[in-house]
Structure formats: structure tokens, C-alpha cells
Amino acid sequence: MTDRLTLKLDIRPNDIGVRQVNVRSSLVVANFVAEIKDKFNLDGNLQLRLGDSGEILNPDNPLEKAGAVEGGVLVCTRIVEATGTLDEIQRGVREPFGETFQRVYLSEQRTLTEYDLAWQPAIVGRRDHNDPSNNRLLAADLEDIEDLPTVSRHHACITMKGGSFFIETIQARNPTYLDGLRLEQGLLYPLSAGSSVQVGRVSLTFHIIS
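If you want the working numbering, it's the 1-based position in the sequence shown plus 38.
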């Protein structure tokens with residue numbers, strides 16, 4: 039009986055994809071996750087599950103006792119915790135970014151159209167003609183940028199916490215990219231001046247003037 043397992047590891051963060059691995063069957067799940075984070079330069083909290091719809095592996099158990107089998111598939115995903123952004127959007131209250139910044143804005147890379155972000159949560163998307171109340175937090179209205187819309191009405195959201203800016207994708211149908219990285223729903227990603235943000239097929243640049 040071999041003490042090793044050959045597995046297919048589907049690493050979802052950063053769209054790394056499927057890798058074939060050969061590991062000790064006695065390797066503790068938490069240690070395996072730590073090795074994955076180190077090898078693929080991933081941060082945040084990760085978990086392993088048996089296939090797409092299988093149960094989450096107990097991090098304290100060895101792989102063999104957690105349910106991993108020879109030739110099996112393990113899916114690695116981030117542990118998503120509530121960011122509070124959707125609750126803030128639901129409340130619909132505009133909060134200032136603070137007096138530290140003279141101007142915070144996005145510029146569309148093709149037309150150079152500029153969108154001032156005067157409040158947070160600052161929604162990037164398209165205006166809702168049927169229910170104007172949904173537009174209260176819409177800071178960057180991309181309605182007129184493209185003929186065939188690939189941008190959702192509430193597509194992404196920019197917030198500030200502890201003096202730092204963050205972006206979050208707030209729907210799953212149309213992708214959001216930050217400097218070429220596809221964002222996962224339910225996670226906050228640090229946003230720096232000069233960062234490239236793509237929502238649908240629209241490319242934007244984030245600017246800060248202190």
C-alpha cells in the first residue's frame with residue numbers, strides 16, 4: 039500500500055487552474071493549504087473541498103482521513119467572509135472619503151472620460167432607468183461608453199477603510215479585473231493610484247489626488 043496520493047488540485051484563486059500533485063496521504067490538510075499558498079504566492083484564507091460540490095476538508099485531519107483518494111479532485115477556494123459592502127449599498131448612505139484627498143476619480147482609457155468618486159460606497163456600473171432609487175450610490179455611470187452593454191448596473195464598488203482604498207466586484211455574471219486579475223465575489227482587493235480596472239469590456243484607471 040502506497041503512502042502517497044496523486045491528486046488533481048483545482049486552484050480557483052487567481053485563476054491558477056488544475057495542477058496534478060503527488061503528496062503524502064498523511065499530510066495534514068492545513069499544512070497542505072500552507073504549501074499551496076507558499077508555492078503559488080496566494081494570500082488570504084483558503085480551504086479545500088472534495089470536488090465542486092463536496093464537503094470541506096477538516097484542516098486538522100490528514101488527507102487520507104479527510105476523504106482524499108487516489109486520482110481524486112480537490113478544489114481550493116478562498117474562505118469568503120462578509121465584507122459589509124452589500125449592507126452599505128442597501129442602506130444607501132453616501133459617506134465622504136475624507137478631507138485627505140482633493141480628488142478621487144476614474145478615467146475611461148479609450149475616451150478619457152473622467153468620473154469623480156465623491157462618496158462611498160462608490161458604485162461603478164450603469165444607471166437603472168426603471169428604478170432611479172438604485173442610482174443613489176452610482177458614482178461612475180458607464181451607460182454611454184458602450185453600445186452593447188457588458189457592464190452590470192451594480193458591477194463593482196470602491197470603498198475606503200483605514201485610509202486605504204479597496205475594490206470589490208458585487209455581481210458574478212460579468213467579470214471585474216484589477217490589473218489583469220479577475221476578482222472573486224465577496225472579497226476586498228487593495229486599490230492603488232494608477233491601477234487598471236476592467237468592468238465588462240470597459241477599461242478604467244484609478245486616480246487619487248491628495
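Positions of the beta carbon are idealized from the N, C-alpha and C atoms, including for glycine.
Since the structure is predicted, the reported quantities are computational estimates derived from the model, not experimental observations.
Between which two residues does the alpha helix (DSSP H) harbouring E184 extend? Taking the first residue of the sequence shown as position 1, residue 184 is located at position 146. Element bounds for E184: n/a, residue is neither H nor E.
Neighbourhood of F203 by C-beta, 6 Å cutoff - its chain only, sequence neighbours within 5 removed: Mapped onto the sequence shown, residue 203 falls at position 165. These residues qualify, in order along the chain: L229.
Taking all protein chains shown into account, decide if G109 is buried (16 or more other Cβ within 10 angstroms of its Cβ) or exposed. In the sequence shown, residue 109 corresponds to position 71, counting from 1. With fewer than 16 other Cβ atoms within 10 Å, it is exposed.
Relative to the alpha-carbon of N60, which residue among L101, R50, G92 has its alpha-carbon at the smallest distance? Counting from 1 along the sequence shown, the entry for residue 60 is found at position 22. Among L101, R50, G92, the Cα nearest to that of N60 is on L101.
State buried or exposed for H193, treating a residue as buried only when at least 16 other CB atoms are found within 10 Å of its CB. Translated into positions along the sequence shown, residue 193 becomes position 155. H193 is buried by the Cβ-count criterion.
Helix or strand or just coil, what does DSSP make of I49? Here the question's residue 49 lines up with position 11 in the sequence shown. I49 falls in the strand class under three-state DSSP.
Run of the beta strand (DSSP E) containing Q58, from where it starts to where it stops: Counting from 1 along the sequence shown, the entry for residue 58 is found at position 20. Segment 55-62, the beta strand (DSSP E) holding Q58.
Could you tell me whether the segment 179-188 touches the segment 148-162, where touching means 3 or more Cβ pairs closer than 8 Å? yes
Among V56, D90, G89, whose alpha-carbon lies nearest the alpha-carbon of I74? Here the question's residue 74 lines up with position 36 in the sequence shown. Taking only the C-alpha atoms, the option nearest I74 is V56.
Should S190 and G163 be called a contact, given that it needs their Cβ atoms to be closer than 8 Å? Taking the first residue of the sequence shown as 1, we reach residue 190 at position 152. Taking the first residue of the sequence shown as 1, we reach residue 163 at position 125. The answer is yes: Cβ separation under 8 Å.
Considering only their Cβ atoms, is the gap separating L226 from T138 smaller than 8 Å? For this step, residue 138 is matched to residue 100 along the sequence shown. For this step, residue 226 is matched to residue 188 along the sequence shown. Not in contact: T138 and L226 (Cβ atoms no closer than 8 Å).
In this structure, does DSSP put L155 in helix, strand or coil? Reading the sequence shown from its first residue, position 117 is the one you call residue 155. In this structure, L155 counts as coil in the three-state DSSP scheme.
Taking DSSP as the reference, what is the three-state secondary structure of E133? Translated into the one-based positions of the sequence shown, residue 133 becomes position 95. E133 falls in the strand class under three-state DSSP.
Segment limits, beta strand (DSSP E) that includes L112: The sequence position of residue 112 within the sequence shown is 74, counting from 1. L112 -> beta strand (DSSP E) spans 111-116.
Would you tell me roughly how many angstroms separate the C-alpha atoms of P97 and R129, rounded to the nearest one? Within the sequence shown, residue 97 is the residue found at index 59, counting from 1. Within the sequence shown, residue 129 is the residue found at index 91, counting from 1. Taking the straight line joining both Cα atoms gives about 37 Å.
Under 7 Å: does the beta carbon of H167 sit that close to some heavy atom of the ligand ATP? The ligand ATP is not part of this structure, which contains no ligands at all.
Alpha-carbon to alpha-carbon, F78 and K199: For the purposes of this step, residue 199 is taken as residue 161 along the sequence shown, with counting starting at 1. For the purposes of this step, residue 78 is taken as residue 40 along the sequence shown, with counting starting at 1. Rounded to the nearest angstrom, the two C-alpha atoms are 27 Å apart.
Could you tell me which of V131, L124, E93 sits nearest to V111, measuring between CA atoms? In the sequence shown, the residue the question calls residue 111 occupies position 73. Checking every option, the nearest Cα to that of V111 belongs to E93.
Buried or exposed: which applies to L84, given that a residue is buried once 16 or more other Cβ atoms fall within 10 Å of its Cβ? Start at 1 with the first residue of the sequence shown, and residue 84 comes out as number 46. When all chains shown are included, L84 counts as buried.
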